[in-house]
Every structure is written in structure tokens, then in C-alpha cells.
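Taking it in order: structure first as C-alpha cells, then the write-up.
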Amino acid sequence: MKESKYGVDEKGLFAVEKIYKGEELIYEYDPLVEEWPFYPDNDKRGKYTKAELFKLIENNPKLSKLIYYQAYNVDDDLFNLPFKYAVMDSDNVDDCEKRFPHTLFINHSCDPNIGFIEVTKCYALRDIDIGEEIAHNYGCLLTENSLQVGIKCQCGSKEKCQQILRMDFYKDPIWRQENERYCFPYVKKKIQELLYNNETIAKTATIEQQMSMPDASMFWLDVLHGYQLDRSLPLPFDRYRLVDEDRTGRGISFSIDFGEDLSHYFLHYASSMNIKLEHLVFAIYYAFMFKLTNGETDLCVAVN
């Protein structure tokens, strides 16, 4: 832990050795020096409403920055807070900071390099160089009901920074695709509420039609390059899934009507070339998806 450009007392965690994408970060601490200050999320102890948090701050102003940075949502108006804060006096606040685990000093970034799975397991989202600050997205555990809404973000990400934190990251479909696996239970619940809301489904579909999709385009280009019809194709983005990732269990079905003449041609071609029909259909579908991500809407995939 050393000085940072932001965070509690402008402190942060920095990599002391090279960390590679997908590597699990293991945090070790001496329980005689540090202590884990939170009760479990499903434990009623240590939980406060926003009004109760403000009352704690009013009674002890020195706690304000610790509460703002360390209280996190377990429900819309319920927060998990280090259990000693409620009985702490001003004289031992500084000592409390020194005794708490360094993981509490991991700062926010709108473009994080680590993510938590099952709250306690932490993985590198990309290669992290020596001296680079370790940061995760607070949107994985906070929502627009949190105390950090309105804070000026200083993460420095040119493409993803919110500038002024709204903590509504979970409402962005692209963000969900990249970060849902790293979200804490409360934020995952908020995502589920969104996904089963008809208005949100329609809005998400409209957004996805209008936005540029360079990542999807590169995926299709990579998959289709040098493709041979006698082998199967990977499913979109499966390469990025972690082995112990929680699956949502959701699925979707689709159908493609090629018409009678084209269907007969496909059957004849697959039979004469000894190709499985499903491989041929998926190849055409994937090629069409690649064209859609590049703004094309026709199914002409080759010209002789």
C-alpha cells in the first residue's frame, strides 16, 4: 500500500510483481495486526440505513471518509458497515485505519484491472504491470442508492470514466456482459430485476441495435478467419468465461427461414461435401452476425 491520486487518505494498493490475466490474487494478512471488520451480508448485525449512517457521521465526523468509502449496499437502503464504527470514538479512528485489511484500500476504476468472484476470490482482468495500481469497479457492489453517488471520479480512463459517479453501471448492457460475474449479491439481484422488466428488455434491445460493436465484430472476424466447415464453432464470448463462474441459466431460441429453394440447395451441398448440416447452418449464421456487427444487413457472404 502506498500513496495514490485518490481514495481514503490518497492511499491505494499497487502491484509489487507482474500479475497475469486470469491469475488469482491471494491476500494474506496477520490477524494479530489486522482484522476483518464486516459481519456477513446476511447477518443483521452491522447493517444501517442511509439515515443511520448520516447519524453516525454527525456523532463522529472523523468517521465520515471511512463510512463513505467502506459502507456498501446489501439492499436499496441498507448498508454493511464495519461493526466497530458504531462504538468508536475520535481517539481511535486513526488506529482503526491501520488495523483494517489493506483490501479496503483498493480504489475504484471505471476500467478496472481486477474483479471479485464470490466476494472473496479476486482475479486479474488483464495483465498488471509492476507499480500499477490495483483497482476494481465499485459498481459491482454499489448502486445509485450508495453514498458515493456524485463523487468526482479520478480513475483516468479515457473511454469508460463516468466523470461524476452515478453508480448505475449495472444498467448498461455492455457493462453487465463484462462485469456481472464480478458483482456482489445485491447488484446481481438488481440486474435480475432489470432483466425481467419488459420496459428494460425493450430499451436494451434498442440500445444494442444502435451502439457500435467493435468487440463483437472482432470476435466474428477471428472465429471465421480460415474457418473449415468440418469443425464446430465456439459460442460467442465463451472464451472469456472462468471455470468457476456462476451461470445464469438463461437461454434464448431463434429460427432462420431460408426458403424452400435455398434449403434444398443447402441440403444438396452438405450431402455432396460430406458436411454436417448444422455446421453449415451455423457457419452461415455466424457470417451473417459478423456482417451485422459491421452495419451490413444482407446475407451475401461470398462472390465467385
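Under UniProt numbering, the first residue of the sequence shown carries the number 1, and numbering increases by one thereafter. Think of the CB as a built atom: it goes at the ideal place given N, C-alpha and C, for glycine as much as any other residue. Treat the numbers as computed from the prediction; the structure is a model and nothing was measured.
Looking only at Ala270, Lys160, Leu66 and Glu58, the smallest Cα-Cα distance to Glu178 is reached by Lys160.
It is roughly 7 Å from the alpha-carbon of Leu267 to the alpha-carbon of Leu277. The closest CA to that of Ile57, considering only Arg166, Tyr269 and Leu147, is found on Leu147.
Shown here, Asn59 sits in a helix according to DSSP, grouped into three states. Distances from the CA of Val16 to each of Tyr138, Glu260, Glu118 and Glu132 were compared; the closest alpha carbon is that of Glu132. If you ignore the 5 residues before and after Val187, its C-beta comes within less than 8 Å of the C-beta of Asn73, Gly139, Cys140, Leu141, Leu142, Thr143 and Tyr170, all in its own chain and listed in chain order. Note on geometry: alpha-carbon atoms of Phe282 and Ala124 lie some 33 Å from one another.
From the listed residues Arg176, Asp129 and Asp43, the smallest Cα separation to Asn137 is found for Arg176. If you draw a 10 Å sphere on the C-beta of Met273, you find fewer than 16 other C-beta atoms in it, and that means exposed. In the DSSP assignment, Tyr123 falls outside any alpha helix (DSSP H) and within the unbroken beta strand (DSSP E) covering Lys121 to Ala124.
The DSSP-derived three-state label of Lys188 is helix. Cβ neighbours of Lys190 within its own chain (closer than 8 Å, five residues either side excluded): Thr143 and Tyr170. One Cα belongs to Leu53, the other to Ile67, and the distance between them is close to 8 Å. The residue among Met167, Leu78, Lys50 and Asn145 with its C-alpha nearest the C-alpha of Asp43 is Leu78. By the 16-neighbour rule on beta-carbons within 10 angstroms, His108 is buried.
Going by DSSP, Asp261 is part of the alpha helix (DSSP H) stretching over Glu260 to Ser272. Per the coordinates, the alpha-carbon of Gln162 lies some 7 Å from the alpha-carbon of Cys110. Taking a C-beta distance under 8 Å as the contact criterion, Asp41 and Asn145 do not qualify as a contact pair. In this model, Arg181 and Gly259 are separated by some 40 Å (Cα to Cα). Cβ atoms of Glu24 and Cys183 stay farther apart than 8 Å, at about 18 Å. Straight across, the Cα-Cα distance linking Lys18 with Ile114 is about 13 Å.
Under a 10 Å Cβ-count criterion, Asn80 is classified as buried, with 16 or more other Cβ atoms of the shown protein chains found around its own Cβ. Between Pro82 and Phe38, the CB-CB gap stays under 8 Å. Under DSSP, His136 takes part in a beta bridge, and its partners are His108. Looking at Ile275, Leu13, Ala135 and Asp257, the one whose alpha-carbon comes closest to that of Tyr285 is Asp257.
DSSP places Lys65 in the uninterrupted alpha helix (DSSP H) bounded by Ser64 to Gln70.
Within the DSSP secondary-structure output, Glu24 pairs in a beta bridge with Tyr123. Under the DSSP definition of a beta bridge, Gly156 lacks any partner.
Counting along the chain, the unbroken alpha helix (DSSP H) around Asn179 starts and ends at Pro173 to Asn179. By the neighbour-count criterion, in which 16 or more other beta carbons inside 10 Å mark a residue as buried, Ala71 falls on the buried side.
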